[in-house]
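Number of protein chains: 2
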Amino acid sequence: MALTGDMLIGSSSTSASQGTMKALNPATGRPIEPGFALGGPAEVDRAARLADEAFDSYNRISPHERAAFLDLIAERLDGINEELAERAALETGLPVAQLRAEAAKAAGQFRQFADVVRAGRFHGATIDPAQPERQPRPRMDHRMQKIAVGPVAVFGASNFPISYSVAGGDTASALAAGCPVVVKAHNAHPGASELMGRAIQSAAADCGLHEGVFSLVRGAGNEIGEALVDHPLIKAVTFTGSEGGGMALYRRAQLRPDPIPVFAEMTSVNPTFVLPAALAARGDQVGDGFAERMLVNVGQACLKPAILLAVDGPGYAEMREAAATRVSAMEARTMLTPGIHDAYARNTQRLHDLGATTLTQGPEPQGAWEGRSQLLEVDGNRFLASPALAEEVFGPAALLVRLSGIAQLLEVARSFRGQLSATMHIDEPDYDDAARLLPILERRTGRIVVNAFAHPQEVGHATIHGGPYPATTDSRFTSVGMSSIDRFLRPVTYQGFPDALLPDALATRNPLGLWRLIDGRMTHD
Amino acid sequence: MALTGDMLIGSSSTSASQGTMKALNPATGRPIEPGFALGGPAEVDRAARLADEAFDSYNRISPHERAAFLDLIAERLDGINEELAERAALETGLPVAQLRAEAAKAAGQFRQFADVVRAGRFHGATIDPAQPERQPRPRMDHRMQKIAVGPVAVFGASNFPISYSVAGGDTASALAAGCPVVVKAHNAHPGASELMGRAIQSAAADCGLHEGVFSLVRGAGNEIGEALVDHPLIKAVTFTGSEGGGMALYRRAQLRPDPIPVFAEMTSVNPTFVLPAALAARGDQVGDGFAERMLVNVGQACLKPAILLAVDGPGYAEMREAAATRVSAMEARTMLTPGIHDAYARNTQRLHDLGATTLTQGPEPQGAWEGRSQLLEVDGNRFLASPALAEEVFGPAALLVRLSGIAQLLEVARSFRGQLSATMHIDEPDYDDAARLLPILERRTGRIVVNAFAHPQEVGHATIHGGPYPATTDSRFTSVGMSSIDRFLRPVTYQGFPDALLPDALATRNPLGLWRLIDGRMTHD
Numbered sequence: 041m042a043l044t045g046d047m048l049i050g051s052s053s054t055s056a057s058q059g060t061m062k063a064l065n066p067a068t069g070r071p072i073e074p075g076f077a078l079g080g081p082a083e084v085d086r087a088a089r090l091a092d093e094a095f096d097s098y099n100r101i102s103p104h105e106r107a108a109f110l111d112l113i114a115e116r117l118d119g120i121n122e123e124l125a126e127r128a129a130l131e132t133g134l135p136v137a138q139l140r141a142e143a144a145k146a147a148g149q150f151r152q153f154a155d156v157v158r159a160g161r162f163h164g165a166t167i168d169p170a171q172p173e174r175q176p177r178p179r180m181d182h183r184m185q186k187i188a189v190g191p192v193a194v195f196g197a198s199n200f201p202i203s204y205s206v207a208g209g210d211t212a213s214a215l216a217a218g219c220p221v222v223v224k225a226h227n228a229h230p231g232a233s234e235l236m237g238r239a240i241q242s243a244a245a246d247c248g249l250h251e252g253v254f255s256l257v258r259g260a261g262n263e264i265g266e267a268l269v270d271h272p273l274i275k276a277v278t279f280t281g282s283e284g285g286g287m288a289l290y291r292r293a294q295l296r297p298d299p300i301p302v303f304a305e306m307t308s309v310n311p312t313f314v315l316p317a318a319l320a321a322r323g324d325q326v327g328d329g330f331a332e333r334m335l336v337n338v339g340q341a342c343l344k345p346a347i348l349l350a351v352d353g354p355g356y357a358e359m360r361e362a363a364a365t366r367v368s369a370m371e372a373r374t375m376l377t378p379g380i381h382d383a384y385a386r387n388t389q390r391l392h393d394l395g396a397t398t399l400t401q402g403p404e405p406q407g408a409w410e411g412r413s414q415l416l417e418v419d420g421n422r423f424l425a426s427p428a429l430a431e432e433v434f435g436p437a438a439l440l441v442r443l444s445g446i447a448q449l450l451e452v453a454r455s456f457r458g459q460l461s462a463t464m465h466i467d468e469p470d471y472d473d474a475a476r477l478l479p480i481l482e483r484r485t486g487r488i489v490v491n492a493f494a495h496p497q498e499v500g501h502a503t504i505h506g507g508p509y510p511a512t513t514d515s516r517f518t519s520v521g522m523s524s525i526d527r528f529l530r531p532v533t534y535q536g537f538p539d540a541l542l543p544d545a546l547a548t549r550n551p552l553g554l555w556r557l558i559d560g561r562m563t564h565d
Numbered sequence: 041m042a043l044t045g046d047m048l049i050g051s052s053s054t055s056a057s058q059g060t061m062k063a064l065n066p067a068t069g070r071p072i073e074p075g076f077a078l079g080g081p082a083e084v085d086r087a088a089r090l091a092d093e094a095f096d097s098y099n100r101i102s103p104h105e106r107a108a109f110l111d112l113i114a115e116r117l118d119g120i121n122e123e124l125a126e127r128a129a130l131e132t133g134l135p136v137a138q139l140r141a142e143a144a145k146a147a148g149q150f151r152q153f154a155d156v157v158r159a160g161r162f163h164g165a166t167i168d169p170a171q172p173e174r175q176p177r178p179r180m181d182h183r184m185q186k187i188a189v190g191p192v193a194v195f196g197a198s199n200f201p202i203s204y205s206v207a208g209g210d211t212a213s214a215l216a217a218g219c220p221v222v223v224k225a226h227n228a229h230p231g232a233s234e235l236m237g238r239a240i241q242s243a244a245a246d247c248g249l250h251e252g253v254f255s256l257v258r259g260a261g262n263e264i265g266e267a268l269v270d271h272p273l274i275k276a277v278t279f280t281g282s283e284g285g286g287m288a289l290y291r292r293a294q295l296r297p298d299p300i301p302v303f304a305e306m307t308s309v310n311p312t313f314v315l316p317a318a319l320a321a322r323g324d325q326v327g328d329g330f331a332e333r334m335l336v337n338v339g340q341a342c343l344k345p346a347i348l349l350a351v352d353g354p355g356y357a358e359m360r361e362a363a364a365t366r367v368s369a370m371e372a373r374t375m376l377t378p379g380i381h382d383a384y385a386r387n388t389q390r391l392h393d394l395g396a397t398t399l400t401q402g403p404e405p406q407g408a409w410e411g412r413s414q415l416l417e418v419d420g421n422r423f424l425a426s427p428a429l430a431e432e433v434f435g436p437a438a439l440l441v442r443l444s445g446i447a448q449l450l451e452v453a454r455s456f457r458g459q460l461s462a463t464m465h466i467d468e469p470d471y472d473d474a475a476r477l478l479p480i481l482e483r484r485t486g487r488i489v490v491n492a493f494a495h496p497q498e499v500g501h502a503t504i505h506g507g508p509y510p511a512t513t514d515s516r517f518t519s520v521g522m523s524s525i526d527r528f529l530r531p532v533t534y535q536g537f538p539d540a541l542l543p544d545a546l547a548t549r550n551p552l553g554l555w556r557l558i559d560g561r562m563t564h565d
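Chains as they are written, first to last, in the numbering used here: chain D, 41 to 565; chain H, 41 to 565.
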């Protein structure tokens with residue numbers, strides 16, 4: 041597929057209204073062809089109007105048709121797997137093999153959501169049948185289903201240019217819910233964005249859907265994103281990125297005349313607690329595994345385990361040694377953008393300034409924007425005294441926290457802000473301590489992992505990629521996994537309806553074959 | 041039960057730190073004994089700290105224990121039914137018989153939530169079992185349940201002093217979710233609030249729960265509410281009341297360092313559409329039924345049908361006549377507060393100023409703060425030209441909108457902002473028009489009623505009392521019905537856990553006997 045550099049607004053290719061830009065190859069520092077069109081509020085307005093026009097029809101097509109659309113997107117993504125991975129590698133400096141796998145995972149996610157649409161549980165179909173004889177007054181028939189909230193604006197991330205971008209989980213779950221999607225393409229990977237956008241655009245056309253079901257816009261600076269969040273026809277926003285960026289969009293959306301939900305997934309250090317028995321038994325394995333996972337994607341992952349905490353004692357030295365060995369062996373690799381590289385340098389310096397000691401570093405970088413891996417250490421008292429030590433450093437650095445005892449471990453656990461994940465390494469003698477740690481972690485994270493690492497992540501029914509602020513802006517939802525569709529659904533009750541006017545999910549003969557809650561009991565009839 | 045006028049902070053009775061106030065009898069304009077203690081940020085801080093302390097234990101007690109607490113609250117509410125209804129009648133001017141029924145309904149709601157707790161579906165228990173043989177890498181065991189978000193602040197309404205107040209659905213659903221509750225008592229009915237608060241406080245003590253599970257604070261002005269919304273240990277807020285009050289709390293909560301969910305249920309005119317065949321067949325019945333429901337609670341109800349819309353034609357005159365007859369016969373009755381009475385007078389004048397014509401009024405009021413019923417009419421063009429005609433008038437007034445045809449009916453339907461409910465009166469020949477109107481209403485409301493009126497409301501599994509802004513601040517939730525518990529729940533995934541550490545909802549042997557989603561399939565095993 042030849043890249044045109046256009047924006048994709050409905051079925052049309054739209055050229056620049058505000059100049060063009062080029063992607064940057066972070067490995068060479070050189071721009072990559074072609075030029076990409078930049079737009080602004082005018083393009084946002086056209087995309088949002090089309091999305092609004094598409095809503096009624098897209099929200100009402102059969103589950104079979106909506107699932108077929110998602111399956112066709114998956115097929116189209118598989119068809120461009122190699123091309124997409126190569127372009128994304130050029131634009132991000134990430135390894136092409138990793139990006140092939142990421143593209144395959146993204147396609148698989150659309151197929152999983154096609155299954156979610158066919159199963160229809162997301163409707164939450166509920167029926168309280170009429171009780172004409174009830175005293176003191178009869179009960180009318182009440183039926184509830186969840187439907188799409190309306191057009192959704194998606195702001196993708198830079199660090200996973202496929203699975204958290206144009207064809208990522210936000211787009212897949214919003215389309216599955218019945219919401220038209222307007223994506224603001226990330227300027228760090230415009231070519232990969234166009235490839236994914238064209239795959240979705242062509243699938244929509246081939247399924248005969250209203251063109252407004254998907255658009256992709258692009259702009260310089262904040263203006264285009266602000267226009268998207270402000271647009272009265274946009275009814276929900278998703279964002280993956282920094283705390284600053286996410287909160288700017290969030291607060292802006294809450295100041296609209298009609299506030300709308302913004303699910304922003306922002307920052308997490310994914311604390312990893314090693315309890316004494318596990319530490320004594322396999323401190324070296326934990327230290328090595330931690331460092332290996334920390335270094336994935338050059339440490340540029342929301343699930344990077346960034347802080348490793350253990351009580352000083354048997355196994356501690358082995359854990360530290362194993363982690364240090366792997367970190368010191370890790371060659372420097374190109375980071376996503378020059379800006380991210382520079383921030384990484386500043387943030388590791390900040391850890392020093394706060395009193396952390398460098399245990400080891402990887403080899404000296406060769407390229408300008410390569411990130412040098414680093415392992416630091418601090419004791420529990422210092423960590424508690426400097427809350428900024430618990431803030432995210434985006435890149436291949438990690439902090440080891442040496443604790444004085446279980447009491448300090450629990451105190452440190454309580455000091456963390458909201459997290460996407462937390463991990464406990466435990467053996468059976470640790471279970472009592474783990475049971476004390478567990479409620480502390482439950483209040484602070486959306487996922488607790490035992491004897492493994494949070495990254496990579498499953499995409500399943502039980503997956504939660506969320507957590508209390510600042511991990512996300514709303515701990516009641518997730519941005520990954522099948523229940524991420526819940527962000528885009530709202531309930532509607534139909535009271536006293538004749539069957540002729542009921543939606544299929546609620547019709548008496550259950551034409552969709554759904555599990556439904558009837559009179560308080562789950563049934564499949 | 042003798043009223044002491046204290047605040048209830050945990051298990052203690054707390055006297056005033058900022059003076060006292062008395063309730064006002066709106067029928068006489070005279071204050072009622074006793075004086076009620078006023079507090080401020082210090083009382084909020086104590087209540088919030090106790091709630092936070094109570095969280096871990098209350099969130100982890102067995103479903104049986106939590107349900108028993110809710111059942112005991114219901115029993116205590118039944119025990120004070122007469123006393124509560126009489127005090128609430130004194131403080132609100134509402135009929136004591138209606139308030140007895142409201143108190144019984146409130147008690148019933150706690151029993152319904154006890155059943156919800158026992159059934160445990162709200163956990164959304166989901167298990168993706170381990171797949172050790174999966175390629176390219178094994179899947180670990182993932183289990184997800186929803187748990188309580190943390191302490192909840194409840195701001196009750198003035199208009200239903202029991203069922204939307206201290207012992208209303210917000211408190212019941214939050215306690216059912218496992219959230220400790222801090223109620224800010226409404227100053228229009230402090231005595232009723234204390235009675236309900238003591239019922240809950242005594243139930244908590246008799247169940248041996250941590251005292252922080254429930255507190256009731258009271259204050260003059262906005263300071264105490266602001267302190268509640270700002271308190272870092274408060275994790276969610278519910279509010280029922282005006283758009284201005286709700287949005288002030290909402291926006292304040294979004295400006296916290298860590299934003300929290302605020303579910304505010306605010307304003308709705310509950311448009312009622314009468315389609316031509318139904319109008320011709322029974323315009324008189326619809327007109328009479330509309331007016332009867334409109335006048336309930338002196339028109340002081342969030343579900344008051346305030347706007348009646350029909351195409352001019354056969355049955356229209358009969359509908360208008362029937363509505364006018366009932367409105368003109370309705371004697372003036374005492375409104376909830378002097379402020380509400382005065383706003384009602386201003387707002388009906390506003391309808392005149394915007395071009396609506398008064399068709400009829402009820403008899404001249406006898407008391408100072410009695411609301412005189414009123415029926416107004418306007419044509420569709422004028423209605424479309426003056427969006428302010430579609431704004432809520434709190435009190436016994438309604439607006440009839442005479443439309444030129446179905447096209448204008450659909451256009452007017454599209455002009456409405458978000459609503460708690462919308463109603464269609466239809467006969468079979470209207471079904472095609474109804475099918476065109478339906479998607480317009482779905483986008484604008486949380487409940488659509490056919491051939492009945494939205495008020496009164498069921499409290500069931502399929503109940504939704506919510507809708508797009510400004511009906512509420514988040515259309516994805518409801519403040520009434522069993523799914524109102526969802527406002528206070530957040531998902532947590534447990535990955536790779538040994539059974540010994542899993543919560544009961546997720547333990548392999550399914551000790552709670554829950555319906556669970558295992559590997560994508562609903563099962564009861």
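Just so it is clear, CB atoms sit at the ideal spot from N, CA and C, and this is done for glycine as well.
By the neighbour-count criterion, in which 16 or more other beta carbons inside 10 Å mark a residue as buried, T54(H) falls on the buried side. By the Cβ rule, the stretch 462 to 478 of chain H does not count as touching the stretch 431 to 445 of chain H, because fewer than three pairs are nearer than 8 Å.
Relative to the Cα of A243(H), the nearest Cα in the group T166(H), A147(H), H229(H) and A304(H) belongs to A147(H). For G231(H), no Cβ of chain D is located within less than 7 Å of the residue's own Cβ. Nearest CB-CB separation between I101(H) and chain D: not below the 7 Å threshold.
For secondary structure counted as the alpha helix (DSSP H) over 4 or more consecutive residues, the stretch 157 to 225 of chain H holds these complete runs in sequence order: 209 to 217. Counting only runs of 3+ residues, the beta strand (DSSP E) found wholly inside the stretch 428 to 491 of chain D occupies 437 to 443, 462 to 465 and 487 to 490, in chain order. Secondary structure at F303(H): strand, using DSSP grouped into helix, strand and coil.
In the structure shown, T397(D) adopts extended strand secondary structure according to DSSP, grouped into three states. For N65(D), the enclosing beta strand (DSSP E) starts and ends at T60 to N65. Between I347(D) and P301(D), the C-beta gap is not smaller than 7 Å, which leaves the two residues out of contact. For A143(D), not one C-beta of chain H is nearer than 7 Å to its own C-beta. If you check the CB distance, T377(H) and A228(H) come in under 7 Å. DSSP, read as helix, strand or coil, puts A260(D) in coil. The alpha-carbon of G59(D) is positioned some 21 Å away from that of R238(D). The residue among V157(D), D46(D), A165(D) and E123(D) with its C-alpha nearest the C-alpha of L542(D) is A165(D).
Within 10 angstroms of the beta-carbon of E404(D) lie fewer than 16 other beta-carbons, which makes it exposed. Around the beta carbon of A475(H), a 10 Å sphere encloses fewer than 16 other beta carbons of the protein chains shown; the residue is thus reported as exposed. A straight-line Cα-Cα distance of about 5 Å links A350(H) and V314(H). With distances taken between CA atoms, G339(D) lies nearest to R412(D) out of E451(D), I466(D) and R412(D).
Straight across, the Cα-Cα distance linking N550(D) with M464(D) is about 45 Å.
Contact annotation for F330(H) against chain D: no contact, minimum CB-CB distance about 15 Å [criterion: below 9 Å]. Judged by DSSP secondary structure, I274(D) falls outside any beta strand (DSSP E); it is assigned neither H nor E. Taking 8 Å as the upper bound on Cβ-Cβ separation, chain H lies near residues T533, Y534, Q535, G536, F537, P538, A540 and L541 of the stretch 533 to 550 of chain D. For the set V84(D), L268(D) and E126(D), the Cα lying nearest the Cα of N65(D) is the one of E126(D).
In this structure, Q149(D) lies near A212(D), with their beta-carbon atoms less than 7 Å apart.
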